[in-house]
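Under my numbering, the first residue of the sequence shown carries the number 72, and numbering increases by one thereafter.
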Amino acid sequence: MELKQYVNVILKWFWLIAACVIVASLSSYLSTRTIPRVYQATTTVRVGQAIEKANPNYQEFYTSEQLAQTYADIVTRRPILEGVAQALKLGYIPNPGNITASRVPNTQLLQISVRDTDPQMTVKIADEIANQLIQQSPTASDTVERDRAFILGQIDDLKAKIEQTTAEMDAEQAKLDAASSARAIQQYQSNIAALDQKRNSYQANYAALMQSLQSGSINYISIIEPARLPSVPISPNVRQTILLAAAIGAGLAIAAAFLLEYLDDTVKTPEDVERVMGLTTLGAISTIQDVQDPGDVLVTSLAPKSPVAEAYRVLRTNLQFAGVGKANSVFMVTSTEAGEGKTTTLANLGAVLAQAGKQVILVDTDLRRSTLHQVFGMANSIGLTSMLLDESLGVHDVVVPTHIPNLRLLTSGPRPPNPAELLEHPRMDEIIALLRADADLVILDTPPVLAVADATIMSSRVDGVVMVVLMGGTRTELCRRAVQALRQVNARLMGAVMNKVTHSR
Numbered sequence: 072m073e074l075k076q077y078v079n080v081i082l083k084w085f086w087l088i089a090a091c092v093i094v095a096s097l098s099s100y101l102s103t104r105t106i107p108r109v110y111q112a113t114t115t116v117r118v119g120q121a122i123e124k125a126n127p128n129y130q131e132f133y134t135s136e137q138l139a140q141t142y143a144d145i146v147t148r149r150p151i152l153e154g155v156a157q158a159l160k161l162g163y164i165p166n167p168g169n170i171t172a173s174r175v176p177n178t179q180l181l182q183i184s185v186r187d188t189d190p191q192m193t194v195k196i197a198d199e200i201a202n203q204l205i206q207q208s209p210t211a212s213d214t215v216e217r218d219r220a221f222i223l224g225q226i227d228d229l230k231a232k233i234e235q236t237t238a239e240m241d242a243e244q245a246k247l248d249a250a251s252s253a254r255a256i257q258q259y260q261s262n263i264a265a266l267d268q269k270r271n272s273y274q275a276n277y278a279a280l281m282q283s284l285q286s287g288s289i290n291y292i293s294i295i296e297p298a299r300l301p302s303v304p305i306s307p308n309v310r311q312t313i314l315l316a317a318a319i320g321a322g323l324a325i326a327a328a329f330l331l332e333y334l335d336d337t338v339k340t341p342e343d344v345e346r347v348m349g350l351t352t353l354g355a356i357s358t359i360q361d362v363q364d365p366g367d368v369l370v371t372s373l374a375p376k377s378p379v380a381e382a383y384r385v386l387r388t389n390l391q392f393a394g395v396g397k398a399n400s401v402f403m404v405t406s407t408e409a410g411e412g413k414t415t416t417l418a419n420l421g422a423v424l425a426q427a428g429k430q431v432i433l434v435d436t437d438l439r440r441s442t443l444h445q446v447f448g449m450a451n452s453i454g455l456t457s458m459l460l461d462e463s464l465g466v467h468d469v470v471v472p473t474h475i476p477n478l479r480l481l482t483s484g485p486r487p488p489n490p491a492e493l494l495e496h497p498r499m500d501e502i503i504a505l506l507r508a509d510a511d512l513v514i515l516d517t518p519p520v521l522a523v524a525d526a527t528i529m530s531s532r533v534d535g536v537v538m539v540v541l542m543g544g545t546r547t548e549l550c551r552r553a554v555q556a557l558r559q560v561n562a563r564l565m566g567a568v569m570n571k572v573t574h575s576r
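Structure, rendered in structure tokens:
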């Protein structure tokens, strides 16, 4: 399929696509109204004390990040959730599936998010989880606080001792610098060495206590940003849901449209006519509107300036190029099945040919379901069957003029019991010869090809055959069979007329 054909398919089924989009969107909107609104609140905590060094080392960052991840893992553990339920007097344990904890990359921050249909409850639970983490962390123990105070006291004591020992060493050094005897010098040097050893011991203890203090304080947890009351639910996302439903509806409708087109084996385009029937499209006739009586189809006479009448004039021109314009030509108009518009096409084609100055005789050879006389509002008491059964009747006895100048009509006449046998009678050849001699163009209206054998019988007696194809109504397989039947009797197929063409096609 070409791009234009894809576009035509979409335009043809646009009503279906639009309906599916509307139904899907409306259904999605109504369904989202029944879904409870879910809100989310987030509390942010910091794990570890603030790093105040100008150039903190990697180990300090890494340790804090690891601790943050550890606390993220225990947020949904039962001890924490039981503590939340008890503190808030919920009467139930919060669902772990509605709680998430995630570490902010490259920071000491941990975000605790809670989802619930009650926006106020999300705030309470999120903040209480943070409180439970603080209470149940090692830093919340009174023993740890006492140990911390003890260590701080020891650090202060050691700091004072280091300063005192340093002062004593400075005093001994001054004495050493002033001493003159070897014995005094040796004594002062010994004192300084002892003090230095003592100070080194103090400094080692000081460093150990500082390390112990830092390793304990890194586990500290504090709330940085309490949860805020959410005003907008996070789900359902009504707009996104409706757009998604509309997209799905449109996609399914488009897929269905192309599937229907694929399953539709009717002739829809001139390309189909060429591919299936091997015929050129001579004309494309739109649907005639406001047809209430049989005579209303004669649009070339009733509305000669209408687009449909113009389409018949284009058909006339194409037929003339196909050889119909030759003097005393006889051709027939038929179709695959009944109801494709062959009689309407024949009547209007005869009218535009007559309007062009041609002497035209229309002959109704559909002896089973004759309708051509109704189009022109004439009686059918005498006609073709009368000539076939009564050889004394001549052309001027049965051919009558219509209200259109240059256009005459030979009706089918009374219905015979044996139409096919009557059409095969040698008298039929004589009648065609008489009609040919009395007009520039003789056009026969025959029954559908596949309905009865009449069309194939008549096709061997005429100069050409024009097939009428109902666009979107004639099945391709039937078209093949009809063309095959005509070619088996060596009929000359001049082309096809596509009837009831719509703009979407």
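We put the beta carbon where it would ideally sit given N, CA and C, even for glycine.
(message) Here's the rule: buried if 16 or more other CB atoms are within 10 angstroms of the residue's CB, otherwise exposed. What is residue 370?
(response) The residue labelled residue 370 in the question sits at position 299 within the sequence shown. Residue 370 should be labelled buried.
(message) How far does the alpha helix (DSSP H) with residue 322 in it extend, from its first residue to its last?
(response) By 1-based counting over the sequence shown, the position of residue 322 is 251. Per DSSP, residue 322 belongs to the alpha helix (DSSP H) from 309-334.
(request) Whole angstroms is fine: what's the gap from residue 180's alpha carbon to residue 111's? (result) To locate residue 180, count along the sequence shown from 1; it is residue 109. To locate residue 111, count along the sequence shown from 1; it is residue 40. Distance between the alpha carbons of residue 180 and residue 111 is about 18 Å.
(message) For the structure I just gave you, are there three or more beta carbon pairs, one from the region 529-549 and one from the region 336-352, closer than 8 Å?
(response) yes
(message) Using the three-state DSSP reduction, which class does residue 528 fall into: helix, strand or coil?
(response) One-based indexing of the sequence shown puts residue 528 at position 457. Helix.
(request) Under 8 Å by Cβ, that's how I've got residue 169 and residue 185 pegged, so tell me the actual separation to the nearest angstrom. (result) Within the sequence shown, numbered from 1, the residue matching residue 169 stands at position 98. Within the sequence shown, numbered from 1, the residue matching residue 185 stands at position 114. Correct: roughly 6 Å between the Cβ atoms.
(message) Please classify residue 394 as buried or exposed, where buried requires at least 16 neighbouring CB atoms within 10 angstroms.
(response) Counting from 1 along the sequence shown, the entry for residue 394 is found at position 323. Looking at its Cβ environment, which holds fewer than 16 other Cβ atoms inside 10 Å, residue 394 is exposed.
(message) For residue 198, count the other beta carbons within 10 Å of its own beta carbon; 16 or more makes it buried, fewer makes it exposed. Which is it?
(response) As a first step, residue 198 must be located in the sequence shown, where it is residue number 127. Per the 10 Å Cβ criterion, buried.
(message) Rounded to whole angstroms, what is the Cα-Cα separation between residue 374 and residue 83?
(response) Working through the sequence shown from its first residue, we reach residue 374 at position 303. Working through the sequence shown from its first residue, we reach residue 83 at position 12. Distance between the alpha carbons of residue 374 and residue 83: 28 Å.
(request) Pick out the complete alpha helix (DSSP H) segments inside the region 352-378, 4 residues or longer, and give them in chain order. (result) 370-373
(message) For a quick check, are the C-beta atoms of residue 459 and residue 480 less than 8 Å apart?
(response) On the sequence shown, residue 459 is found 388 positions in, with the first residue counted as 1. On the sequence shown, residue 480 is found 409 positions in, with the first residue counted as 1. No. Outside cutoff.
(message) Using only the alpha-carbon positions, how far apart do residue 277 and residue 271 sit?
(response) What you label residue 277 is simply residue 206 of the sequence shown in a count that begins at 1. What you label residue 271 is simply residue 200 of the sequence shown in a count that begins at 1. If you take the alpha carbons of residue 277 and residue 271, they lie about 10 Å apart.
(message) Looking at residue 324: is its Cβ nearer than 8 Å to the Cβ of residue 88?
(response) For this step, residue 324 is matched to residue 253 along the sequence shown. For this step, residue 88 is matched to residue 17 along the sequence shown. Taking 8 Å as the Cβ cut-off, residue 324 and residue 88 qualify as a contacting pair.
(message) Given this structure, state the Cα-to-Cα distance separating residue 142 from residue 293, to the nearest angstrom.
(response) If you number the sequence shown from 1, residue 142 lands on position 71. If you number the sequence shown from 1, residue 293 lands on position 222. Straight-line Cα distance between these residues: approximately 12 Å.
(message) Does residue 572 come out as helix, strand or coil in the three-state DSSP assignment?
(response) Counting from 1 along the sequence shown, the entry for residue 572 is found at position 501. Strand.
(message) Going by C-alpha to C-alpha distance, which of 316, 446, 432 and 489 sits closest to residue 467?
(response) Locating residue 467 in the sequence shown gives position 396, counting from the first residue. Comparing Cα positions, the closest option is 432.
(request) Flag this pair as yes or no: are the beta carbons of residue 569 and residue 344 separated by less than 8 Å? (result) For the purposes of this step, residue 569 is identified with residue 498 of the sequence shown, where counting begins at 1. For the purposes of this step, residue 344 is identified with residue 273 of the sequence shown, where counting begins at 1. Yes, Cβ-Cβ distance for residue 569 and residue 344 is below 8 Å.
(request) Count the other C-beta atoms from every protein chain shown that fall within 10 angstroms of the C-beta of residue 561, then say buried if there are 16 or more, exposed otherwise. (result) Here residue 561 is taken as the residue at index 490 of the sequence shown, counted from 1. Result: exposed.
(request) Compute the Euclidean distance between the alpha carbons of residue 438 and residue 80, then round it to the nearest angstrom. (result) For the purposes of this step, residue 438 is identified with residue 367 of the sequence shown, where counting begins at 1. For the purposes of this step, residue 80 is identified with residue 9 of the sequence shown, where counting begins at 1. Approximately 40 Å between the Cα atoms of the pair.
(message) Quick check on residue 310 - is its C-beta less than 8 Å from some C-beta in chain D?
(response) No chain D is present in this structure, which holds just one protein chain.
(request) Check residue 469 in the structure and name its three-state DSSP category. (result) Reading the sequence shown from its first residue, position 398 is the one you call residue 469. DSSP places residue 469 in helix when its eight states are reduced to three.
(request) May I ask you to verify whether the region 190-197 touches the region 153-170, counting CB pairs closer than 8 Å and requiring at least 3? (result) yes
(message) On the DSSP bridge list, what partners appear for residue 516?
(response) Residue 516 sits at position 445 when you count from the first residue of the sequence shown. In the DSSP output, where bridge partners are listed per residue, residue 516 has 404 and 435.
(request) Have a look at residue 279 and residue 206 and give me their C-alpha separation to the nearest angstrom. (result) By 1-based counting over the sequence shown, the position of residue 279 is 208. By 1-based counting over the sequence shown, the position of residue 206 is 135. Using only the alpha carbons, I get a separation of about 28 Å.
(request) Could you check what DSSP says for residue 564 in three-state terms: helix, strand or coil? (result) Your numbering for residue 564 matches position 493 in the sequence shown. Residue 564: strand per DSSP, three-state reduction.
(request) Can you grab the Cα-Cα spacing for the pair residue 74 / residue 331, in whole Å? (result) By one-based count along the sequence shown, residue 74 stands at place 3. By one-based count along the sequence shown, residue 331 stands at place 260. Cα to Cα, residue 74 sits roughly 18 Å from residue 331.
(request) Count the other C-beta atoms from every protein chain shown that fall within 10 angstroms of the C-beta of residue 151, then say buried if there are 16 or more, exposed otherwise. (result) For the purposes of this step, residue 151 is taken as the residue at position 80 of the sequence shown. Buried, since its Cβ has 16 or more Cβ neighbours within 10 Å.
(request) Report the residue from 530, 501 and 523 whose alpha carbon sits nearest the alpha carbon of residue 514. (result) Within the sequence shown, numbered from 1, the residue matching residue 514 stands at position 443. Closest option to residue 514, Cα to Cα, is 530.
(request) Tell me the start and end of each unbroken beta strand (DSSP E) in the region 144-210 that is at least 3 residues and wholly inside, in chain order. (result) 170-174 and 180-187
(message) Residues in the same chain with beta-carbon distance under 6 Å from residue 556, minus the five sequence neighbours each way, listed in chain order, please.
(response) Your numbering for residue 556 matches position 485 in the sequence shown. For residue 556, where only same-chain residues beyond five positions count, the Cβ hits under 6 Å are 520 and 527.
(message) Going by the DSSP bridge assignment, what does residue 256 pair with across the sheet?
(response) As a first step, residue 256 is located in the sequence shown; it is residue number 185 there, counting from the start. DSSP output for residue 256 lists no bridge partner at all.
(request) Tell me where the beta strand (DSSP E) around residue 548 begins and ends. (result) Translated into the one-based positions of the sequence shown, residue 548 becomes position 477. Per DSSP, residue 548 belongs to no beta strand (DSSP E); it is in the alpha helix (DSSP H), 547-559.
(message) Between the alpha carbons of residue 329 and residue 317, how many angstroms are there, rounded?
(response) For the purposes of this step, residue 329 is taken as residue 258 along the sequence shown, with counting starting at 1. For the purposes of this step, residue 317 is taken as residue 246 along the sequence shown, with counting starting at 1. Roughly 18 Å between the two C-alpha positions.
(request) Assuming residue 274 and residue 233 form a contact by the criterion Cβ under 8 Å, report the distance between their Cβ atoms to the nearest whole angstrom. (result) In the sequence shown, the residue the question calls residue 274 occupies position 203. In the sequence shown, the residue the question calls residue 233 occupies position 162. With a Cβ gap of about 6 Å, residue 274 and residue 233 count as contacting.
(message) Considering just the uninterrupted stretch of the alpha helix (DSSP H) at residue 98, what are its terminal residues?
(response) Position 27 of the sequence shown holds residue 98. Its alpha helix (DSSP H) spans residues 85-105.
(message) Measuring alpha carbon to alpha carbon, tell me which residue in 268, 313 and 357 is nearest residue 239.
(response) Walking along the sequence shown from the start, residue 239 turns up at place 168. For the residues 268, 313 and 357, the minimum Cα distance to residue 239 belongs to 268.
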